[in-house]
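Number of protein chains: 2
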Amino acid sequence: MVVFAGQGDARRSMALLWRTTRPEGGRPGPKPGLSVDLIVDTAVAIADAEGMAALSMRAVGERLGRTAMALYTYVPSKSELVDLMYDRALAELSTRHDLTGGWRAAVTSWAQETWEFYVRHPWVLQVSQARPVLGPNEYVMIEEALRILRETGLDAAALRYVVGTLFYFVRGAAQTVAESRRAPVETGVSDEEWWYARSALLTEVAPDFAERFPTMAWLAGEGAYDPRDETVPYMEQEGRDTFAAGLAILLDGIEAKVSGSGA
Amino acid sequence: MVVFAGQGDARRSMALLWRTTRPEGGRPGPKPGLSVDLIVDTAVAIADAEGMAALSMRAVGERLGRTAMALYTYVPSKSELVDLMYDRALAELSTRHDLTGGWRAAVTSWAQETWEFYVRHPWVLQVSQARPVLGPNEYVMIEEALRILRETGLDAAALRYVVGTLFYFVRGAAQTVAESRRAPVETGVSDEEWWYARSALLTEVAPDFAERFPTMAWLAGEGAYDPRDETVPYMEQEGRDTFAAGLAILLDGIEAKVSGSGA
DNA sequence: CCAAGTTAGTTTATGCCGTAAGGAGTTGCA
DNA sequence: TGCAACTCCTTACGGCATAAACTAACTTGG
Chain A
46 MVVFAGQGDA RRSMALLWRT TRPEGGRPGP KPGLSVDLIV DTAVAIADAE
96 GMAALSMRAV GERLGRTAMA LYTYVPSKSE LVDLMYDRAL AELSTRHDLT
146 GGWRAAVTSW AQETWEFYVR HPWVLQVSQA RPVLGPNEYV MIEEALRILR
196 ETGLDAAALR YVVGTLFYFV RGAAQTVAES RRAPVETGVS DEEWWYARSA
246 LLTEVAPDFA ERFPTMAWLA GEGAYDPRDE TVPYMEQEGR DTFAAGLAIL
296 LDGIEAKVSG SGA
Chain B
46 MVVFAGQGDA RRSMALLWRT TRPEGGRPGP KPGLSVDLIV DTAVAIADAE
96 GMAALSMRAV GERLGRTAMA LYTYVPSKSE LVDLMYDRAL AELSTRHDLT
146 GGWRAAVTSW AQETWEFYVR HPWVLQVSQA RPVLGPNEYV MIEEALRILR
196 ETGLDAAALR YVVGTLFYFV RGAAQTVAES RRAPVETGVS DEEWWYARSA
246 LLTEVAPDFA ERFPTMAWLA GEGAYDPRDE TVPYMEQEGR DTFAAGLAIL
296 LDGIEAKVSG SGA
């Protein structure tokens with residue numbers, strides 16, 4: 046049974062995100078022992094350390110020495126709490142990338158920082174990108190990307206596409222690495238163990254691998270594996286490299302569009 | 046408490062994915078009333094129609110006139126079932142894109158088809174990209190992308206990056222549209238209703254929007270909104286356009302790399 | 001100063017979920 | 001004929017979000 050979210054709910058949720066609550070001097074009743082900020086910070090700490098799967102109202106309450114139900118005084122629901130976590134986390138991103146070196150340098154540093162942010166908070170990528178949360182910090186983030194890329198001189202429509210494409214790429218590239226960090230925490234099996242066991246099973250289950258997947262076999266034979274730093278898990282190294290190289294490709298494409306449109 | 050997944054579990058799961066089970070003539074016990082295929086198909090149907098959130102063992106069992114526990118005779122766990130769903134869905138993708146028109150045309154048609162696939166099965170994007178599922182059809186999909194792009198003549202390392210970047214982009218672009226289809230199904234609120242209510246609240250909660258987010262305000266003023274087909278939800282139109290334009294940018298970047306490396 | 005009303009937080013309960021355990025009925029083979 | 005293997009069921013457990021009803025702390029109007 047899906048309950049239609051009423052207008053009132055939406056208003057309360059926006060008010061919470063944008064912090065439009067009056068000072069509220071001297072009210073009756075016991076003094077609040079918690080606060081929305083405290084709850085959100087605690088929830089973020091849990092998600093960072095133990096993954097989104099470990100985030101429950103009970104878990105947050107327990108860390109604060111309260112029951113799960115106590116949180117409902119401050120936050121209307123778990124999904125609302127997750128929205129607040131998301132917006133809080135986004136506040137970490139810087140908002141003033143230097144444009145004096147040209148837009149390409151600025152975009153690169155923006156993308157790098159954003160990528161690191163996602164990797165640092167892997168759970169953020171699990172927050173539904175469905176309807177955007179529409180919190181203040183999400184707007185700040187988008188505004189910053191637009192501000193930088195407007196420097197290219199592209200028109201409004203092109204700017205939209207370019208920013209969208211950049212977001213897709215950064216999120217996708219971060220996702221690979223984020224998951225390779227999340228999985229060990231949540232399953233207790235390291236990347237190395239997992240891949241080792243899995244690839245052994247693969248040859249067992251598909252002995253004709255090389256004939257069925259010739260290009261993959263060629264790629265593996267080409268020694269494209271390059272574990273230059275053995276302390277970095279394989280997936281993570283791969284993700285980093287793809288990010289750097291992919292970003293260059295993307296920026297080349299954007300540059301072509303910019304000079305093509307005569308900017 | 047996370048239980049370490051043993052080797053035996055992994056072997057069983059790979060065997061299930063790759064269908065390496067002997068014919069099994071005349072065994073004791075009642076004839077199976079269900080089959081893995083039937084269960085997986087039913088689960089896919091539920092996920093397609095009602096979203097991943099509605100997919101439960103009880104729901105699948107009920108559709109088949111069985112209890113939830115009956116499924117465990119065929120499938121060891123829900124997460125295993127989801128892996129099987131994922132691989133089954135991937136079987137829809139075609140494996141022989143025409144290369145006679147050059148790699149760019151082939152990549153475009155591959156990307157288009159893959160994008161449509163994700164949009165058709167929005168739940169696929171929710172299946173963790175953590176440790177790849179490693180089913181046969183995932184390999185087929187990757188092999189096809191590699192086969193097409195090898196036509197560029199890029200070396201192994203570059204090929205990896207390019208394919209990775211392309212995947213990130215297609216998934217990201219599809220995600221936006223997929224969510225805009227998933228959300229109404231799961232929440233009962235259409236895109237239009239939601240955006241209308243939300244943007245009204247936004248001006249209420251941030252009356253100084255134009256000063257705080259000048260580039261976004263400019264973009265909105267530029268009339269970048271172009272609802273050419275009113276039957277297509279806004280988010281979806283935006284997603285489609287970004288996909289087409291973004292893909293062109295990406296391919297331009299790849300082309301630059303190809304001619305740069307003297308292929 | 002006290003009763004009324006408001007609020008923070010608890011306990012209890014409902015209805016979901018995945019799945020462990022054990023039992024009932026069915027079938028093929030020794 | 002009996003046994004082992006098999007499918008499927010019922011029951012149960014511990015988890016989840018959260019509704020409802022309650023207690024206790026606090027402010028304020030009379």
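Line order of the protein sequences matches chains A and B.
Under my numbering, read the first sequence as residues 46 to 308, first letter to last.
Under my numbering, read the second sequence as residues 46 to 308, first letter to last.
A virtual CB, placed ideally from N, CA and C, is assigned to each residue, including glycine.
| Asked | Found |
| --- | --- |
| So, under 8 Å CB-CB, I193 (chain B) and W148 (chain B) are touching, yes? Tell me the CB distance rounded to an integer number of Å. | 6 Å |
| Do the segment 250-263 of chain B and the segment 185-199 of chain B touch if we need at least three Cβ pairs shorter than 8 Å? | no |
| Taking 8 Å as the CB-CB cut-off, is E69 (chain A) touching chain B? | no |
| Give me the residue from B:E189, B:P259, B:K123 and B:A94 with the minimum Cα distance to A136 (chain B). | B:E189 |
| Hey, out of B:G266, B:T87 and B:M280, whose CA is closest to E238 (chain B)'s CA? | B:M280 |
| Going by alpha carbons, who is nearest to S306 (chain B) out of B:W240, B:G198, B:A265 and B:S244? | B:G198 |
| For G284 (chain B) and S225 (chain B), which I take to be in contact (beta-carbon distance under 8 Å), what is that distance rounded to the nearest angstrom? | 7 Å |
| Can the beta-carbon of F162 (chain A) be found closer than 8 Å to that of A218 (chain A)? | no |
| What whole-angstrom Cβ distance do D183 (chain A) and D132 (chain A) have, given they're in contact under 8 Å? | The question names Asp, yet the displayed sequence has Glu at residue 183 (chain A). E183 (chain A) to D132 (chain A), Cβ: 6 Å. Contact. |
| For the alpha helix (DSSP H) holding A19 (chain B), just list the boundary residues, first then last. | Given a span of 46 to 308 for chain B in the structure shown, any question on residue 19 (chain B) remains unanswerable. |
| Is any heavy atom of the ligand FMN found at a distance shorter than 7 Å from the C-beta of T112 (chain A)? | As for the ligand FMN, it is missing from this structure, which has no ligand bound. |
| Hey, out of B:G96, B:A115 and B:A94, whose CA is closest to R103 (chain B)'s CA? | B:A115 |
| Three or more C-beta pairs under 8 Å: does that hold for the segment 199-212 of chain B against the segment 258-269 of chain A? | yes |
| Taking the beta carbon of K76 (chain A) as the centre, do at least 16 other beta carbons fall within 10 Å, making it buried, or is it exposed? | exposed |
| Can a CB atom of chain B be found closer than 8 Å to the CB of P272 (chain A)? | Residue placement at P272 (chain A) cannot be trusted, given a pLDDT of 49 that sits under 50; the coordinates are not used to answer. |
| Among A:G110, A:G71, A:D54 and A:T65, which has the Cα closest to the Cα of T87 (chain A)? | A:G110 |
| Which bits of chain A does E188 (chain B) rub up against, with CB to CB less than 7 Å? | F258, T260 and M261 |
| Who are the Cβ neighbours of V303 (chain B) in its own chain at under 8 Å, not counting the five residues just before and after it? | T197, G198 and L199 |
| For the alpha helix (DSSP H) containing R285 (chain B), name the first residue and the last one. | Y279 to G305 |
| Beta-carbon within less than 7 Å of L100 (chain A)'s beta-carbon, same chain only, minus the 5 sequence neighbours each way: which residues are those? | A88, I91 and A92 |
| Given P229 (chain B), which residues of its chain have a CB within under 8 Å of its CB, disregarding the five upstream and five downstream residues? | S235 and D236 |
| Just to check my reading of the structure: F212 (chain B) and L295 (chain B) have Cβ atoms closer than 8 Å, yes? What is that Cβ distance to the nearest angstrom? | Contact doesn't hold; Cβ gap of about 11 Å is too wide. |
| With a threshold of 8 Å between beta-carbons, can V120 (chain A) be considered close to chain B, or not? | no |
| On the three-state DSSP scale, how would you describe R192 (chain B)? | helix |
| Could you give the first and the last residue of the continuous alpha helix (DSSP H) run that contains R257 (chain B)? | F254 to R257 |
| Contact criterion: CB-CB distance below 8 Å. Does V250 (chain A) meet it with respect to chain B? | yes |
| For the alpha helix (DSSP H) that R72 (chain B) lies in, which residues bound it at each end? | Taken as a continuous stretch (DSSP letters only), R72 (chain B) belongs to no alpha helix (DSSP H), as it is neither H nor E. |
| Quick one: does Q131 (chain A) have its CB under 8 Å from some CB of chain B? | Per the sequence shown, the amino acid found at residue 131 (chain A) is Tyr instead of Gln. Not an interface residue. |
| With burial defined as no fewer than 16 other Cβ atoms inside 10 Å of the residue's Cβ, what is the status of S58 (chain A): buried or exposed? | buried |
| Straight-line CA distance for T186 (chain A) to Q157 (chain A)? | It is worth fixing the name first, because residue 186 (chain A) is Met in this sequence and not Thr. Each residue's alpha carbon lies about 14 Å from the other. |
| So what does DSSP say about D86 (chain B), is it helix, strand or coil? | helix |
| Nearest to R108 (chain B) by CA position, among B:V85, B:T118 and B:P121, is which residue? | B:V85 |
| Work out the CA separation of R141 (chain B) and L179 (chain B) for me, nearest whole Å. | 21 Å |
| Would you kindly work out how many angstroms separate the C-alpha atoms of K123 (chain A) and R216 (chain B), rounded to a whole number? | 27 Å |
| Does T197 (chain A) come within less than 8 Å of chain B when only Cβ atoms are used? | no |
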